[in-house]
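J.:
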Amino acid sequence: MSRSILLMAALIARGTAWCQSLDGLEAEIQGKQPNEVRELIIRRLGPPARILGSGFRIEAWDVDGGVLIFHPASGPSFEKGGKLVWLMHTVNPAGLCLYGHYEMTARPEPPYSMKYYLGDLYMAWDSSYIFSFNPARTEGRKSQADNFFVLHPRGRVEVRYASDVTAETRLEDLPDGTLVATLTFVAGPSRSAKVYQILADHTGRMLRFAGEPMPFEMNKGWVNCWR
Amino acid sequence: MTRSLGLVCALLAACAPQAHRQRVYLTDEIFDNAGPVGPEFLAALKRELARSSAYELTSIRGVPQQGILFHLNIVVNCQFGDCERDGKAMAFADIGTLGRAAWPLPDRWYWKMFVVRHGHVDQAARTLLADAAAVWCGMSHYNSATAMAACPKELLPPWPPGFL
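Line order of the protein sequences matches chains A and B.
Quick note, the first sequence lines up with residues 2 to 228 if you use this note's numbering.
Quick note, the second sequence lines up with residues 4 to 167 if you use this note's numbering.
In structure tokens:
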């Protein structure tokens, strides 16, 4: 008798687990506001298994052999077997994401692969740029003697899209590492110039600077995480 | 006769083409530690928007499904010293759009960061609105280099000199 009860309990428990699936969730959350998406997830999966992060309240659920994460700014994502899928269907045109704030860090340094924050680059809509160097970290500063932006913190930038990319191209459609645009930075009075490439990073939902030699890393997130 | 003239004038006024005013959705978070300059700046910004022939303040619930709505989110808080005593605080303006090229949260939590000072809030509000107009123009014409080039210049630096 008690064995039957245990068996039934196990079946009920398993049945509950089956109900906790992501089937249809992706379709259901499209077009919804962040709070509505969160409520839908909780209605379906119950309270989160863990609260992650700091600053933001990032919630996580163990489901379908992976982890569902709700980030109030970045949106919901599902990670399984090392593969991350963003659940909101977004539209991020290349031309819209290209302008604004980029964050610069030094290249990862051994032994812990630390990436020291170096400063911010702002690309204005009027095609000017301004860079602010953060001199607080001397560790990072040493390696930046030839950094174009440290040497030339103001100037203009010329944008040339890659041959198969336009300002309207959705970054969602570009695989990681695709060339999005070539940027030519021209410093003020000295007219010094430097060319960098902007590469797509679909996985990280970012635009990344590339070019050699480059003593830094610089990237910027997509503008739209929810639509 | 006078009544007829009045009626004609009223009809003409009603039929005259109305200048299109872009709807602006304003949100704010004014921290108490900013002192009086926080509410003063917000009031000045609302006055400027109300006075503007280009914009009209609007309220919404949720992201619009069609069209573009300009969005301005203002945060004023105290970053250094005693802001109430000093009569100045830091303002963070997120200049964005809702709708097609949507939001609701961009890659950063501010677009422009600047100092607001007691007694200079009207000028700060005017400058911010002019700067926002330049940003909105760029955002609206991101797919046309020619149209983008015709946009006004941004007035505010992204952060106060020496801040970062």
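Glycine included, each C-beta is placed from N, C-alpha and C at the ideal position.
Note that the coordinates shown come from a computational prediction; the quantities given were computed from them, not determined experimentally.
1) Less than 7 Å between C-beta atoms, sequence neighbours within five positions excluded: which residues of the same chain meet that for Asp134/B?
2) In terms of alpha-carbon separation, which member of Arg51/A, Gly67/A and Asn93/A lies closest to Gly83/A?
3) Quick one: what does DSSP say Phe149/A is sitting in, helix, strand or coil?
4) Give the list of continuous beta strand (DSSP E) stretches no shorter than 3 residues that lie fully inside the segment 59 to 116 of chain A.
5) Beta-carbon within less than 6 Å of Arg103/B's beta-carbon, same chain only, minus the 5 sequence neighbours each way: which residues are those?
6) Rounded to whole angstroms, how far is the Cβ of Phe44/B from the Cβ of Ala137/B, which I believe are closer than 8 Å?
7) Leaving out the 5 sequence neighbours to the left and right, which residues in its chain are closer than 6 Å to Thr204/A when beta-carbon positions are compared?
8) Measure the C-alpha to C-alpha separation of Leu108/B and Gln34/A and round it to an integer number of angstroms.
9) CA-CA distance, Pro163/B and Leu152/A?
10) What residues in its chain sit with their C-beta under 6 Å from that of Met219/A, if we drop five residues either side in the sequence?
11) To test your reading of the DSSP string, which unbroken alpha helix (DSSP H) runs of 4 or more residues are found completely within the segment 142 to 218 of chain A?
12) Can you grab the Cα-Cα spacing for the pair Ser49/B / Val64/A, in whole Å?
13) Per DSSP, what are the beta-bridge partners of Asp97/B in this structure?
14) Leaving out five residues on either side along the sequence, give the residues of the same chain with a beta carbon under 7 Å from the beta carbon of Gly41/B.
15) Is any beta-carbon of chain A found at less than 7 Å from that of Asn80/B?
16) Starting from Phe134/A, follow the alpha helix (DSSP H) in both directions and report where the run begins and ends.
17) Go through its chain and collect everything with a Cβ distance to Asp31/B's Cβ below 6 Å, but skip five positions before and after it.
18) Just checking: is the beta-carbon of Leu108/B within a distance shorter than 7 Å of some beta-carbon in chain A?
19) Give me the Cβ distance between Ile42/A and Pro77/A, rounded to the nearest whole Å; I'm assuming they're in contact under 8 Å.
20) Would you mind reading off the limits of the beta strand (DSSP E) that contains Glu32/B?
21) For the 8 Å Cβ check, are there 3 or more pairs between the segment 127 to 134 of chain A and the segment 107 to 116 of chain A?
22) Tell me which residues of the segment 114 to 126 of chain A have at least one Cβ-Cβ distance to chain B shorter than 9 Å, keeping chain order.
23) Please report the straight-line C-alpha distance between Leu131/B and Met215/A, rounded to a whole angstrom.
24) Quick one: give me the first and last residue of the beta strand (DSSP E) that Gly90/B is part of.
25) Could you tell me the boundaries of the beta strand (DSSP E) in which Lys49/B lies?
26) Let me know the secondary structure DSSP gives Asp134/B once reduced to three states.
27) In terms of residue numbering, what span does the beta strand (DSSP E) encompassing Ile30/A cover?
28) Going along the chain, which residues of its own chain have a beta-carbon closer than 7 Å to the beta-carbon of Gly222/A, five neighbours each way excluded?
29) In terms of residue numbering, what span does the alpha helix (DSSP H) encompassing Arg39/A cover?
30) Sorted by chain position, which residues of the same chain lie with C-beta nearer than 8 Å to Gly101/A's C-beta, five sequence neighbours on each side aside?
31) Output the distance between the C-alpha atoms of Asn36/B and Val92/A, rounded to the nearest integer angstrom.
32) Is the beta carbon of Val158/A closer than 7 Å to that of Phe186/A?
33) In whole angstroms, what is the alpha-carbon distance linking Phe132/A and Ser114/A?
34) Kindly indicate if chain A contains any beta-carbon less than 7 Å away from that of Glu157/B.
35) Measuring only the C-alpha atoms, how far is Leu175/A from Pro94/A?
36) Is Glu29/A close to chain B? Criterion is C-beta to C-beta, closer than 7 Å.
T.: Walking through what the data contain:
1) These residues qualify, in order along the chain: Lys115, Glu157, Leu158 and Leu159.
2) If we check each option's Cα against that of Gly83/A, Gly67/A comes out closest.
3) Three-state DSSP puts Phe149/A in a helix.
4) Complete beta strand (DSSP E) runs here, min 3: 59 to 64, 67 to 72, 76 to 81, 84 to 87 and 101 to 107.
5) Residue placement at Arg103/B is poorly supported in this model, since its pLDDT is 46, which falls under 50; the coordinates still yield a value, given next. Once the five neighbours on either side are set aside, the close Cβ partners of Arg103/B are Ile71.
6) The beta carbons of Phe44/B and Ala137/B sit about 20 Å from each other, so the pair does not count as a contact at 8 Å.
7) By the criterion of a C-beta distance shorter than 6 Å, Thr204/A is surrounded in its chain by Asp177, once the five residues flanking it on both sides are discounted.
8) Confidence at Leu108/B is low in this model, with a pLDDT of 49, below 50, so its placement is unreliable and no value can be given for it.
9) Taking the straight line from one Cα to the other gives about 20 Å.
10) Excluding positions up to five away in sequence, the list reads Tyr103, Met105 and Phe210.
11) Complete alpha helix (DSSP H) runs here, min 4: 149 to 152.
12) It should be noted that the sequence gives Lys, not Ser, for residue 49/B. When the Cα atoms are used, Lys49/B and Val64/A turn out to be separated by approximately 47 Å.
13) For Asp97/B, the pairing in a beta bridge is given by DSSP as Asn76/B.
14) Excluding the 5 residues flanking it on each side, Gly41/B has same chain C-beta neighbours closer than 7 Å at Ile33, Phe34, Val79 and Ala92, in chain order.
15) Judged by the 7 Å Cβ criterion, Asn80/B is not in contact with chain A.
16) Segment Ser129 to Phe134 is the beta strand (DSSP E) holding Phe134/A; no alpha helix (DSSP H) there.
17) Excluding the 5 residues flanking it on each side, Asp31/B has same chain C-beta neighbours closer than 6 Å at Leu45 and Ile77, in chain order.
18) Confidence in Leu108/B is poor, its pLDDT being 49 and thus under 50, which makes the residue's placement unreliable; the coordinate value appears in the next sentence. Taking CB atoms only, Leu108/B has a neighbour in chain A less than 7 Å away.
19) Approximately 7 Å separates the beta-carbon atoms of Ile42/A and Pro77/A; this is inside 8 Å, confirming the contact.
20) Counting along the chain, Glu32/B sits inside the beta strand (DSSP E) bounded by residues Gln25 to Ile33.
21) With a cut-off of 8 Å on Cβ pairs, the segment 127 to 134 of chain A is not in contact with the segment 107 to 116 of chain A, counting fewer than three such pairs.
22) Going along the segment 114 to 126 of chain A in chain order, one finds Gly120, Asp121, Tyr123, Ala125 and Trp126 with a Cβ nearer than 9 Å to chain B.
23) Distance between the alpha carbons of Leu131/B and Met215/A is about 35 Å.
24) Unbroken run through Gly90/B: none, as it is neither H nor E.
25) Element bounds for Lys49/B: not the beta strand (DSSP E) but the alpha helix (DSSP H), Val40 to Arg54.
26) Of the three classes helix, strand and coil, the one that applies to Asp134/B here is helix, per DSSP.
27) Ile30/A: not part of any beta strand (DSSP E); member of the alpha helix (DSSP H) spanning Leu26 to Ile30, first to last residue.
28) The residues are Arg206 and Met207.
29) Its alpha helix (DSSP H) spans residues Pro35 to Leu46.
30) Hits under 8 Å: Tyr123, Met124, Lys221 and Val224.
31) A direct Cα-Cα distance of roughly 38 Å separates Asn36/B from Val92/A.
32) The criterion of a C-beta distance shorter than 7 Å is satisfied by Phe186/A and Val158/A.
33) It is roughly 24 Å from the alpha-carbon of Phe132/A to the alpha-carbon of Ser114/A.
34) For Glu157/B, the answer is yes, since a Cβ of chain A falls inside 7 Å of its Cβ.
35) So the two alpha carbons sit approximately 11 Å from each other.
36) Taking Cβ atoms only, chain B never reaches closer than 7 Å to Glu29/A, which makes this a no.
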